[in-house]
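Visitor: Just passing along the structure, written as structure tokens.
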Amino acid sequence: MESLRHLVGDPWLSFVTIAIVPGPDSDPITRFQESTSPFYTLYSRGAKVLSMPLESSRVQEVLLEFEPSPPLPRWTQKVRPSYYSGRPEGLDRFIEEITKVNRTESSNKTKRPPKITLEESEASRQQLQDTLDQTEAELQSLRSQLEQTQLEYASLRSELQLNDNTEQSKVVQSLNDLNRTIDDFGRSVAEYMVDNFAAILNKDDPTALDASNFTGLQRQFGHQGGKPSLAASSRGEGLPIEDVIDLALRSFLCQMLYKSVFLPFYPTLTTSAAPGFMDSLYEEIRRQVSPTVAAKWRASSFVALSQGNKFNHSVIESQVESLVMSDIQQLLSNIFGGADTVTLTDDQRKKLQDIVTLAWEFNYMLKGEVVTLGDFQPLCYERGTPFNPKTMVEFEPDKKRKPGDIAISTVRLGITLSYSKGIAQHAGPLILINAAFGKNVRELSNGFELATQDFHFVTLGSGRYKFMLVDSPGFDNTSFSDAEVMTRLIRFLCCGKALAPVTGVIYVHPQEGYLGSGILKRNMLLLRSLLGDSFLNRLTVLLVHRPKGEVNHQKILAPLLDSRSPFRTLYDLGARVETISLETQPVRDLLLSFAEKGPEFMSVQNELSRSGRMPNDGDISTYLTKCARIKHGAHALTGPKVMATGLSQIQNHISSSSRQPLTKDIKKLEVQLAESKKQAEDFSSQLQQHLSQYTALCSQLQIHENTEQSAIVQNLIDINRRVEDLALSLSQYLVDTYGGQDKTTTQYAAHLSELKLLFEHDEKEGSLVQSSKGEGMLLDDFLDVAIRSILCEQLYKRIFAPFHPGLSRSDPRDQYTIKLYNHIKAKGT
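Residues 5 to 833 in the working numbering are what the sequence shown lists, from first letter to last.
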């Protein structure tokens, strides 16, 4: 094996594969990789060790993984073909060199180690003790940092009231409980009505066709000739009366709960001045911010509207009364006849009220408590809706026949889980790919689906070029943290059957995207590490701008190129920063700019995969931790590295005397140091994990507020200064243009009485127009102060006083939103 190593050279060992034909040994690969194995020298320097059963498919698979154009091995530099002698030149010399090296290494292995003096042994012991002390100090630092990070993470969740302990299984179970009570109500009432009132119909087994007012029943169920309904089938057959009452009551309940309780943002808003305002406002919020922020707003607003109470008993009683007097009583009258001959009992009314109350409680959990799981919305379909087996389940299905084409009624509620689009709704690899094709290759999220979770390949031909485009998961993902996105990216790049070079990378950034985030800066530094500085000229940071009129590209890109921007360093190192609209030709032109570049390996691929060994999750985690330490300069986190280095140096020093008897103290210190090193690595891993969770939470919640109070004060000062400058210049202009020697004070105003009325002049107290003594103000002073006063008043009334400048103070929505926000402030942090 040593001869083989020197034959090909160490740099070429990554192209050597040691194939093991499986035998009785349960774990031959591990045995071949151990330090005592003759193959260890090759494996430790990059050779692959794998299992290869003697099957053609496996042999072909192994052969296909070989690099098609590897560099030349060492022997090609040492030995040259000779076309005259027939014997290669340099062959004897090269063989002698190999055998000489082997003899030397063998001699070194058998040579007796030098004796070590007592002083050297004591020095080794002291060095171990010093390193152990340093390790313990670093361990304590890591432990403190870990506790601090855990505390901050828990504090942040508590402060933002994100301690959402509701599990998805609880939501589903609560829905099942509600459906079961609806089933029980329908079944029990139907049974009671048939037992007590079926005799009215004078039939042994009455059906819907025997109803006292069959025409009214058809009208109530929206029956149309030739089509099925609860009144009759498409062939004109009727269901048994008990089944009609049972299914109709369930359907009435499902429809009422859906429309009156679950569908509105809050149940009482159906009768408000602006019933759809909160729904439309929430939909807009879902489009603009991250899912967690949107859900937190929804929960806070819902709790504020409920004023801390899960139920509004007067509204619940009203909903029950409305359902009984309209749908239920009409059903009973159509079947049994008479206006009030047959009615619900008091006990049945109480059960009905309990069901509506349970629905309110379920609704409170979905909208007022659930935050991190997403948006749950109970579902109920109108009669006549086309039957969809993906979202509907047939009542009492029959395998011998297919379901009907339309839904006759909904007798059990369903539920859907949706997610908001977030701030990056107009950005992402997929919309770029769709734009390149001029059509939807894959459906974009409409706000009710998760973001891209996996890697998708799409082939695009443009002229004589063919591109393989890859849609990848992005940051601020609703499903997993940024750290998990990085891990998935590295797995994709480094863990395939064959390592694939890449021509270029496009990072898509939305125009509304925030640039002051420390999380974005960290992600860009990690991305730089993954790509490597030599690859950055293949990176394009792409800002997708809104399609609104003419675009000033320089102005749009200026924030990205600012010295404080997370993208500035990448730009200085060769990355392109460009803007683009989502039109087919510009996107294709962008892709063509990569066409002349040949594919290259990224830094992460060279570091983790060129040895031929596929990296595992531990390798990826260690790599990301190393990148984060280097880029962020987190000195406290470098402890494990320092400890590992120190331990390695000590062990190397001791290894030279390993065959000499060591003192018990040295052995004990070695064990303690090894344990401390392992603890340090564990703490470092935990710390990195908690930091990732903390930063991911900040990212999801968009906690990027870098505005200081001094900036707010300065903005106010700037506005006041501009008001003063405008008032002063305008007053001087008016006096110079329209004033005169005979018009020096307000006393000479052309319409003095109207001026007094405008400024609410009081003869006793005076005003800007005149003093209480009847004296007028100098005209230029009056105009200066009056314009300032008018401007301040209008800015306040039209911009600052409303909740949003787009709403006037008289708009009911403004008053409603301000009241809602005050409730939220009273209840939340």
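All residues carry an ideal CB built from backbone N, CA and C; glycine is no exception. Every value quoted in this text rests on a predicted model; they were computed, and no experiment measured them.
(1) What did DSSP end up calling K672 once you bin it into helix, strand or coil?
(2) Less than 7 Å between the beta carbons of L251 and A235, yes or no?
(3) In the DSSP assignment, the alpha helix (DSSP H) including R35 goes from what residue to what residue?
(4) Are L577 and L612 closer than 7 Å when you measure CB to CB?
(5) Between the segment 367 to 385 and the segment 294 to 308, do three or more beta carbon pairs fall short of 8 Å?
(6) Can you tell me which of E246, V581 and T507 puts its alpha carbon nearest to the alpha carbon of L596?
(7) Can you find the residues in the same chain that come closer than 6 Å, C-beta to C-beta, to E767, ignoring five residues on each side of it along the sequence?
(8) For V11, which option in I289, I22 and V83 has the closest C-alpha, if you only look at C-alpha atoms?
(9) Can you give me the start and stop residues for the alpha helix (DSSP H) that V727 sits inside?
(10) From what residue to what residue does the alpha helix (DSSP H) around D379 run?
(11) The alpha helix (DSSP H) with E246 in it runs from where to where?
(12) Distance, Cα to Cα, Q177 vs F598?
(13) Nearest to L762 by CA position, among E769, A754, V773 and K777, is which residue?
(14) Going along the chain, which residues of its own chain have a beta-carbon closer than 8 Å to the beta-carbon of L17, five neighbours each way excluded?
(15) Run through DSSP, which three-state label would A23 get?
(16) Short of 7 Å in beta carbon distance, which residues of its chain neighbour Y575, apart from the five on each side in sequence? Order them along the chain.
(17) State the DSSP-derived secondary structure class of H513, mapped to helix, strand or coil.
(18) Quick one: grab the DSSP three-state call for I186.
(19) By the DSSP assignment, the alpha helix (DSSP H) with D475 in it spans what residues?
(20) Could you spell out the range, first to last residue, of the alpha helix (DSSP H) harbouring S318?
(21) If the criterion is Cβ atoms closer than 7 Å, does the pair P244 and T211 meet it?
(22) Among the candidates D96, P809, L136 and I332, whose CA atom is the shortest distance from the CA of F189?
(23) Considering just the uninterrupted stretch of the beta strand (DSSP E) at K82, what are its terminal residues?
(24) Per DSSP, what are the beta-bridge partners of T463 in this structure?
(25) Per DSSP, what are the beta-bridge partners of Q774 in this structure?
(26) Kindly list the residues whose CB is nearer than 8 Å to the CB of T114, restricted to its own chain and excluding five residues on each side of it in sequence; keep chain order.
(27) Starting from I560, trace the alpha helix (DSSP H) both ways and give me its first and last residue.
(28) Buried or exposed: which applies to G616, given that a residue is buried once 16 or more other Cβ atoms fall within 10 Å of its Cβ?
(29) Using 8 Å as the Cβ pair cut-off and three pairs as the minimum, do the segment 680 to 692 and the segment 132 to 148 touch?
(30) Using CA coordinates, which residue listed in V555, L561, G536 and N556 is at the minimum distance from V545?
(31) Closest by CA to F315, which one among R725, E365, L824 and A215?
(32) Within the continuous beta strand (DSSP E) that includes E582, where are the two ends?
(33) Who are the Cβ neighbours of I794 in its own chain at under 8 Å, not counting the five residues just before and after it?
(34) Nearest to V360 by alpha carbon, out of P15, C796, G341 and P271?
(35) My understanding is that G418 touches L464, with C-beta atoms under 8 Å, so please give their C-beta distance in whole angstroms.
(36) Leaving out five residues before and five after L421 in sequence, what residues of the same chain have Cβ atoms less than 6 Å from its Cβ?
Guide: Well, looking at it:
(1) In this structure, K672 counts as helix in the three-state DSSP scheme.
(2) Not in contact: L251 and A235 (Cβ atoms no closer than 7 Å).
(3) Its alpha helix (DSSP H) spans residues P32 to Q37.
(4) Cβ distance not < 7 Å, so L577 and L612 don't count as in contact.
(5) With the cut-off at 8 Å, the segment 367 to 385 and the segment 294 to 308 touch.
(6) Considering only alpha carbons, the answer is T507.
(7) Hits under 6 Å: none found.
(8) The residue you asked about is not Val; residue 11 is Leu in the sequence shown. Among I289, I22 and V83, the Cα nearest to that of L11 is on V83.
(9) Segment Q713 to Y742, the alpha helix (DSSP H) holding V727.
(10) It is not in any alpha helix (DSSP H) - D379 instead sits in the beta strand (DSSP E) that spans D379 to L383.
(11) E246 -> alpha helix (DSSP H) spans I245 to L261.
(12) Separation of Q177 and F598 (C-alpha to C-alpha, rounded to the nearest whole angstrom) is 53 Å.
(13) Taking each of E769, A754, V773 and K777 in turn and checking the Cα distance to L762, the smallest one comes out for V773.
(14) Only R9, L46, R49, G50 and A51 meet the Cβ criterion.
(15) Three-state result, A23: strand.
(16) Correct list, in chain order: L565 and V581.
(17) H513 carries a strand assignment under DSSP once its states are collapsed to helix, strand and coil.
(18) DSSP places I186 in helix when its eight states are reduced to three.
(19) Here D475 belongs to no alpha helix (DSSP H); instead the beta strand (DSSP E) covers Y469 to D475.
(20) It spans H317 to L327 - the alpha helix (DSSP H) in which S318 sits, taken as one unbroken run.
(21) Yes, the pair counts as a contact, with Cβ atoms nearer than the cut-off.
(22) Measuring C-alpha to C-alpha distances from F189 to each of D96, P809, L136 and I332 identifies I332 as the nearest.
(23) No beta strand (DSSP E) contains K82, which is instead part of the alpha helix (DSSP H) from W79 to K82.
(24) Within the DSSP secondary-structure output, T463 pairs in a beta bridge with M472.
(25) Q774 pairs with G780.
(26) With a pLDDT of only 49 at T114, under the threshold of 50, the placement of this residue in the model should not be trusted; the figure read from the coordinates follows. Closer than 8 Å at the Cβ level, and outside the excluded window around T114, lies no residue.
(27) It spans H557 to L565 - the alpha helix (DSSP H) in which I560 sits, taken as one unbroken run.
(28) It is buried - the Cβ of G616 has at least 16 other Cβ atoms within 10 Å.
(29) For the pair of segments examined, the segment 680 to 692 was found to touch the segment 132 to 148: the number of CB pairs separated by less than 8 Å reaches three.
(30) Of the candidates V555, L561, G536 and N556, the one whose C-alpha sits nearest the C-alpha of V545 is L561.
(31) Among R725, E365, L824 and A215, the Cα nearest to that of F315 belongs to E365.
(32) Start and end: R580 to I584.
(33) None.
(34) Here the closest residue by C-alpha is P271.
(35) Going by Cβ atoms, the distance from G418 to L464 rounds to 39 Å, so no, they are not a contact pair.
(36) Closer than 6 Å at Cβ, skipping near neighbours: G378 and F380.
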